[in-house]
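Chains A and B, in that order, give the protein sequences.
Quick note on numbering: my numbering labels position 167 of the first sequence as 167, and the sequence is numbered without any gaps.
Quick note on numbering: my numbering labels position 277 of the second sequence as 277, and the sequence is numbered without any gaps.
Just so it is clear, CB atoms sit at the ideal spot from N, CA and C, and this is done for glycine as well.
See below for the structure under consideration.
Protein chains: 2
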Amino acid sequence: MGNGKPPHNATIRDVARLAGVSVATVSRAVNGHPSVSPDTRDRINRVAESLNYTPHAGARSLSIAKTQAIGVVLPDLFGEFFSELVRGLDRRAGELGYHLMLSSLHADLARVTRAVSTMRGRVDGVIIMAPQLPVKTLAATLPAGMPTLLLNSERNRTHPVISFDNQSGAVAVTRHLIGLGRRHIVHIAGPAGNLDARERADGYRRAMAEFAPDAPVTVVEGRFDDLSGAAALRDLLAAGTQVDAVFAANDMMAIGALTWARQNGLSVPGQIAVAGFDDIPLAHYLGLTTMRVHVAELGGRAVTRLAAMIDGDDAGKKLEIITPDLVIRESTRQ
Amino acid sequence: MGNGKPPHNATIRDVARLAGVSVATVSRAVNGHPSVSPDTRDRINRVAESLNYTPHAGARSLSIAKTQAIGVVLPDLFGEFFSELVRGLDRRAGELGYHLMLSSLHADLARVTRAVSTMRGRVDGVIIMAPQLPVKTLAATLPAGMPTLLLNSERNRTHPVISFDNQSGAVAVTRHLIGLGRRHIVHIAGPAGNLDARERADGYRRAMAEFAPDAPVTVVEGRFDDLSGAAALRDLLAAGTQVDAVFAANDMMAIGALTWARQNGLSVPGQIAVAGFDDIPLAHYLGLTTMRVHVAELGGRAVTRLAAMIDGDDAGKKLEIITPDLVIRESTRQ
DNA sequence: TTGTAGGCGTTATCAC
DNA sequence: GTGATAACGCCTACAA
């Protein structure tokens, strides 16, 4: 390990030579091809084992033009959202016999493009999550002929996309808060430019306009993390804004706001009801009302779909939408 | 995307032909080799762009015998531990110009071995976390000559390993609980066979023997998830065991126990103090005392070290230990 | 500065 | 059933 005895790894040729057969036969034996006599097969297996021979996957994929790997390019996602997504991707990939080539922490177009480019030839297709980039721009810079599936990108008829129904999810949450009798409902949105954030804010506005037309509409911007959620609520109150409910664009910000409120003597949900979006495990423990988005399922479906695209049987429809469910917990139970 | 115009991706040969030069020159131009006249370089770049040419990384790595990718094989880790680890790995990998080939959910030897085998030829080395497998067994089945770094495996002078100092961490937690005046301290251990679990249990026993020799020692087994933590505490109390403190082998189980206790009318830390291990973000929010293990740092260091091994300058020492810190929060603050 | 040609480790198409 | 041998796409001496 790290200093194995043979400075040079055994190749198919080494096995062939020692077994006294041709490389073609070794290849057949190793891949379980039927037309190899039991005798030769045994001999080859023995030699292979003694040499600790492992086929070179890179060479193999170059030869058969198939890597059995899929690339995954992600932005800098938060804790459990990230792990759930990757878990979903990895599980399904494993089931389908694919490896996962991961590249996260990619924000801007250049990084995403570079990540995908360097993957060409080592993956059969890629799954990209870049909610901050316009599909057109993105598509224009990707390697031609590489099956690509977009996660949580703008709906669009030209490229395969899977995403959450953010807007109707946000409508459901907001409507729930309105149903509680709250009127001073503020929305802590995600970063400007982020599509999910924008769609959720749109849902909030739509619901307010429809179900509480006379109530004030207040949107402030956060950065999807807990600190910015806390800061947003603090600033609003400091500015004298009346608040009896908070709908944050994701759970982490909601948790920041919720925690801050309690630490500053405000009762939740008594004085302020709080709701988030995502349903990360933390939400369960803190009793946070939220929209459950089934992140792992998203990952699994993405892999399934991409695999189909790779195999050439890309189902007709480009757009696939996953509907989130409202989960009511203590933070809005009065 | 998924249906690009050219059914066949452009290769270096296509570029060469259209630019009226040899493939060698294109290769040099693409790789920024100095000895290419500005004219030719320009022409080549233009053609490459027009063809949307992206080098085939697989072929390239076969040729230069370097993939710029590292494999990561993990067991089925829980939420934030997983995400923090992968984040740390990925960040450092990105900095060093490596891709990450991920394969998680691997429990038994066969799976781990297979995962690593199928990675040969597509990665330059692997990082393996398999706390349930003996190093000797594992090492025997790995492809020869593949740089390998083990995470949280048994200490050992023959193979490079990075791991937490589980035992002294457990001693610190237990000692803290004893210092609180608690005497009926139970330990909810991880799955038998898991090395981290075993070391932490050992630390608990050692601390009890040394600092509270007359107090009862109670160890029950959990599965590292919240439900088993809750069940463990419930069963202990149902059996009439006296309990005034719980030290769980990881945070998820501690959280399960803590939540169960509160839901069943037991005050924490009043009647029962609770402590965990890992310091996942959730612990912060629930005020759980725990050992902080800097998971992301572990990942980063692992990549750094493996990269060094790949480059052949493997530092002398095989074993690298990361010491965790005690973080005291409400769950043991009286 | 540029081209020729061999090789990286496998697979697959032919023959035999 | 087995063996040559030509790909796969790229890199790199070695020549020119």
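In the DSSP assignment, B:M253 falls outside any beta strand (DSSP E) and lies within the alpha helix (DSSP H) extending over 251 to 263. Distance from B:I128 to B:T141 at the Cβ level is roughly 11 Å; contact not present, criterion being Cβ atoms closer than 8 Å. The alpha carbon of B:N52 has as its nearest neighbour, out of B:I272, B:I44, B:D225, the alpha carbon of B:I44. With fewer than 16 other beta carbons inside 10 angstroms of its own, B:P38 counts as exposed.
Residue contact check for B:R122 against chain A: a CB pair falls below 8 Å. Counting the other Cβ atoms within 10 Å of the Cβ of B:N166 gives 16 or more, which makes it buried.
Per the DSSP secondary-structure output, B:D325 pairs in a beta bridge with B:R292. At the C-beta level, B:H99 and A:S153 stay beyond 8 Å of one another. Neighbours of B:D90 in chain A, taken as residues at a C-beta separation under 8 Å, are given in chain order as L102, S103, S104, L105. Neighbours of B:I272 in chain A, taken as residues at a C-beta separation under 7 Å, are lacking, since the least C-beta distance is about 18 Å. Interface annotation, A:S61: in contact with chain B, CB-CB separation under 8 Å. If you draw a straight line from the Cα of B:G169 to the Cα of B:F211, it is about 15 Å long. Put simply, the CB of A:I255 is near chain B, with a gap under 8 Å to one of its CB atoms. A straight-line Cα-Cα distance of about 7 Å links A:Q68 and A:G97.
Residue pairing from DSSP leaves A:M309 without any beta-bridge partner. Only those residues of the stretch 221 to 252 of chain A whose C-beta falls short of 8 Å from the nearest C-beta of chain B would be listed, and there are none. Chain order gives the chain A residues near B:E80 as G79, E80, S83, where near means a beta carbon separation below 7 Å. Residues of the stretch 134 to 152 of chain B whose Cβ lies closer than 7 Å to any Cβ of chain A, in chain order: A139, L142, P143, A144, G145, P147, T148. For A:T54, the nearest beta carbon of chain B is closer than 8 Å to its own beta carbon. Between the C-alpha atoms of B:A19 and B:H56 there is a straight-line separation of about 19 Å.
Selection A:L282, A:F277, A:R234 evaluated against A:L266 yields A:R234 as nearest (Cα-Cα). Residue range 161 to 164 is occupied by the beta strand (DSSP E) that includes B:I162.
A:P143 is not a Cβ neighbour of A:R305, given a cutoff of 8 Å. For the pair of segments examined, the stretch 245 to 262 of chain A was found not to touch the stretch 293 to 300 of chain A: the number of CB pairs separated by less than 8 Å stays below three.
For B:S83, the three-state secondary structure derived from DSSP is helix. In this structure, DSSP gives A:I64 a helical state, which the three-state scheme calls helix. The bridge partners DSSP lists for B:M208 come to none. DSSP places A:V243 outside any beta strand (DSSP E), giving it a letter other than H or E.
With a beta-carbon spacing of about 5 Å, A:N194 and A:P131 fall inside the 8 Å limit used to define contacts. With respect to chain A, the C-beta atom of B:T259 has a partner C-beta closer than 8 Å.
Going by C-alpha positions, B:L319 is about 10 Å away from B:L150. The beta-carbon of B:M119 is placed less than 8 Å from the nearest beta-carbon of chain A. Look at B:R114 here: in three-state DSSP terms it is helix. Chain B places no beta carbon closer than 8 Å to that of A:Y98, leaving this residue out of the contacts. The beta carbon of A:I178 sits closer than 6 Å to the beta carbons of F211, A212 from its chain, once the five residues preceding and following it are set aside; these are given in chain order. Between the stretch 74 to 91 of chain B and the stretch 26 to 37 of chain B there are fewer than three C-beta pairs closer than 8 Å, too few to call the two in contact.
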